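Q: Here it is, the structure, as structure tokens.
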Ligand SMILES: [Zn+2]
Ligand SMILES: [Zn+2]
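Structure (structure tokens):
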């Protein structure tokens, strides 16, 4: 509850700051036409038309002046007062402002009250939601950040307005912390580092939103898949493989068609049928369950696949690896009985925690989205008892695992409760990792059954889970989280071997060969570049270890080991280095 209050308070501050920006603008640029100005995630903005002013437009250089004016006016502000006015009164107040007049007309047409809010000398059309006392706003807790063009109501056919953006926080300290985080995030931007570290790329001929994983990205993917395969093997999952497309008949059974069609690639006509690229792996896995008779002895059945899915995302919404059109998902479906459900779900949560520990993810939260009684049979499948039972089992699992979680009423999926997982990167940015779902309905739609002990046919429950999300989203997260400094086990290049001069080449090649033999991703630099340049090249690519071999090392029968983070670790016997690295990779530390 406390978090919600804080969120509301900050929203009120931001909304009030939007009024303050409008007030300052109309003082500095009389005749500015105000339009709308909401609170946003990190502050506020206001869309305005400067053409009627003497300046004609606003430039970034005007922002400090505007900001100072805001501070000046803020000193005179206290509480807001408001009055309900008639349409005519409102029109009189905003005469000459076509934008506000349009808004007033719409409010009147909806039959809603038209309210004007006043603070200090400034009055605006508004629905409320301000701080009680504007004099409590920290004058150093906000700043104007930039301007951009924005069409009135987002339509290209309308007037182009000027949008002034501001950052707004409760205190100067919070504003500064946010700016530091933004700076750091820019340095860690996965699109920038992804290019510098040659992890992934896009190509116009391949198509937008379809990432190409370069060898370095391929190595990271291999590392993640090995982790998933090992872990899932220990949890008794079985691996399957499915095609990347299927006929429309299957997607009709699953309900993807027509409900999810907008998110799928358009179909291919082929041999008189219609084929779709798969947007989810579930239906294919259900078909694997359906292959052959199942009995209670086969359950729980856990089918795992790093399945590639294709989704239609609007080109304007594509974003680096975070929003793509092809993705490889750490998917699995667990088919179980109601009695097995608690244990199975608990094990899924345990797997998340196991992964979080490996990746140093200290801050995370799960959100349990539930049904609502009123919407049973409408928004939710009509199985009141099953809803209650599974929701309380999921809750018990979360409590037992000591996972921080919140609950959300009336947010479940159609066919069962779900859990959304949020994680925070090392610099405190929030990412949505994955969603787990309990599914009562689809196994039934596919006619999936098993023979129970008493010989009766029963429908299993299905748990959808993807703890490592998709490679695209998760590696995008990891790039930021590690700032590109991947731990040894996951680093694309794990060891860089550097002979100081030609007389050291043979020894260096010998060490290099033993590293490769141990499956360690090593590279050797036999170029004519100077020693310093070779070492720097490895540093630039954020390689965890560099092995240096010079004359002195050879005389001592040793090599020199350098660590990316700890610096020079001194001379060691080559065998000792090999053992140390093998151990560290195995421990995934
Ligand atoms: Zn307002
Ligand atoms: Zn699924």
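Numbering (my numbering), first residue to last: 3 to 591. Note that beta-carbon positions come from the ideal geometry of N, C-alpha and C, so glycine has one too. If you're wondering where the values come from, they're calculated on a predicted model, not measured in any experiment.
Report the rounded CA-to-CA distance for residue 50 versus residue 109, giving the unit in angstroms.
A: Between residue 50 and residue 109, the C-alpha separation is close to 20 Å.
Q: Where does residue 60 sit, in a helix, a strand or coil, going by DSSP?
A: Three-state DSSP puts residue 60 in coil, outside helix and strand.
Q: Below 8 Å CB to CB, which residues in the same chain sit around residue 264 once its five sequence neighbours on both sides are set aside?
A: Excluding residues within five positions, the ones whose Cβ falls inside 8 Å are 314.
Q: Which residue from 559, 589, 537 and 354 puts its Cα closest to that of residue 570?
A: Checking every option, the nearest Cα to that of residue 570 belongs to 537.
Q: At 3 residues or longer, what runs of the beta strand (DSSP E) sit wholly inside the stretch 44-120?
A: You should have 45-51 and 83-87.
Q: Need the endpoints of the beta strand (DSSP E) that residue 145 sits in, please.
A: Segment 144-153, the beta strand (DSSP E) holding residue 145.
Q: Here's the rule: buried if 16 or more other CB atoms are within 10 angstroms of the residue's CB, otherwise exposed. What is residue 228?
A: Residue 228 should be labelled exposed.
Q: Going by CA-CA distance only, name the one from 325, 458 and 486 that's closest to residue 541.
A: Nearest of 325, 458 and 486 to residue 541, Cα basis: 486.
Q: Check residue 619 in the structure and name its three-state DSSP category.
A: Only positions 3 to 591 of the chain appear in the structure, and residue 619 is not among them; the question remains open.
Q: From residue 398 to residue 192, what does the alpha carbon distance come to, in whole angstroms?
A: Rounded to the nearest angstrom, the two C-alpha atoms are 37 Å apart.
Q: Give the single residue among 225, 500 and 125 whose Cα lies nearest to the Cα of residue 491.
A: It is 225.
Q: Between the beta-carbon of residue 556 and the beta-carbon of residue 509, is there less than 7 Å?
A: Yes, the Cβ-Cβ distance between residue 556 and residue 509 is below 7 Å.
Q: Tell me the rounded alpha-carbon separation between residue 71 and residue 123.
A: Their backbone Cα atoms lie some 14 Å apart in a straight line.
Q: Using only CA atoms, which one of 558, 578 and 549 lies nearest to residue 564?
A: That would be 549, whose Cα lies nearest to the Cα of residue 564.
Q: Under the assumption that residue 499 contacts residue 525 (Cβ atoms under 8 Å), give the Cβ distance between them as a whole number of angstroms.
A: Rounded, the Cβ-Cβ distance is 7 Å, consistent with contact.
Q: Residues with a Cβ closer than 5 Å to any heavy atom of ligand 2, in chain order?
A: Taken from the N-terminal end onward, the list reads 284 and 466.
Q: Please state if the CB of residue 443 and the CB of residue 417 are separated by a distance shorter than 7 Å.
A: The answer is yes: Cβ separation under 7 Å.
Q: Taking the CB atoms as reference points, tell me whether residue 298 and residue 267 lie closer together than 7 Å.
A: Contact flag unset, no.
Q: Using the beta-carbon count (16 or more within 10 Å), is residue 74 buried or exposed?
A: That one is exposed.
Q: Tell me whether residue 471 is buried or exposed, calling it buried when 16 or more other Cβ atoms sit within 10 Å of its Cβ.
A: Buried, by the Cβ-count rule.
Q: Please confirm whether residue 24 and residue 45 have their CB atoms less than 7 Å apart.
A: No, the Cβ-Cβ distance between residue 24 and residue 45 is not below 7 Å.
Q: Taking the C-alpha atoms as reference points, what is the distance between residue 377 and residue 385?
A: Residue 377 and residue 385: Cα-Cα distance of roughly 11 Å.
Q: Looking only at C-alpha atoms, which of 539, 60, 403 and 529 sits nearest to residue 28?
A: Taking only the C-alpha atoms, the option nearest residue 28 is 60.
Q: Would you check if there are 3 or more beta carbon pairs closer than 8 Å linking the stretch 464-480 to the stretch 178-191?
A: No: fewer than three Cβ pairs fall under 8 Å.
Q: Mind reading off the beta-carbon distance from residue 101 to residue 37? Whole number of angstroms is fine, and I expect it under 8 Å.
A: Their Cβ separation, rounded to whole angstroms, is 4 Å, which keeps residue 101 and residue 37 in contact under 8 Å.
Q: Classify residue 529 as buried or exposed, calling it buried when 16 or more other Cβ atoms lie within 10 Å of its own Cβ.
A: Burial call: exposed.
Q: Taking the straight line between their C-alpha atoms, what separation do you get for residue 186 and residue 194?
A: Straight-line Cα distance between these residues: approximately 12 Å.
Q: In the DSSP output, what is residue 309 paired with across the bridge?
A: Beta-bridge pairing links residue 309 to 331.
Q: Kindly indicate which residue of 406, 349 and 212 has the alpha-carbon position closest to the one of residue 310.
A: Out of 406, 349 and 212, 212 has the C-alpha closest to the C-alpha of residue 310.
Q: Considering only residues of the stretch 461-491, which uninterrupted beta strand (DSSP E) runs meet the minimum length of 3 residues and lie entirely inside it, listed in chain order?
A: Here the runs fully enclosed are 463-467.
Q: If we ignore side chains and look at the alpha-carbon of each, how far apart do residue 69 and residue 329 end up?
A: Going by the C-alpha atoms only, they are around 44 Å apart.
Q: How far does the alpha helix (DSSP H) with residue 360 in it reach, from first residue to last?
A: Taken as a continuous stretch (DSSP letters only), the alpha helix (DSSP H) holding residue 360 covers 340-361.
Q: What are the boundary residues of the beta strand (DSSP E) that residue 447 is part of?
A: Residue 447 -> not in any beta strand (DSSP E); alpha helix (DSSP H) instead, spanning 444-447.
Q: Whole angstroms is fine: what's the gap from residue 286's alpha carbon to residue 244's?
A: Residue 286 and residue 244: Cα-Cα distance of roughly 7 Å.
Q: What do you reckon, is the C-beta of residue 48 under 6 Å from a heavy atom of ligand 1?
A: Incorrect: residue 48 has no Cβ contact closer than 6 Å to ligand 1.
Q: Mark residue 519 as exposed unless 16 or more other C-beta atoms lie within 10 angstroms of its C-beta, in which case mark it buried.
A: That one is exposed.
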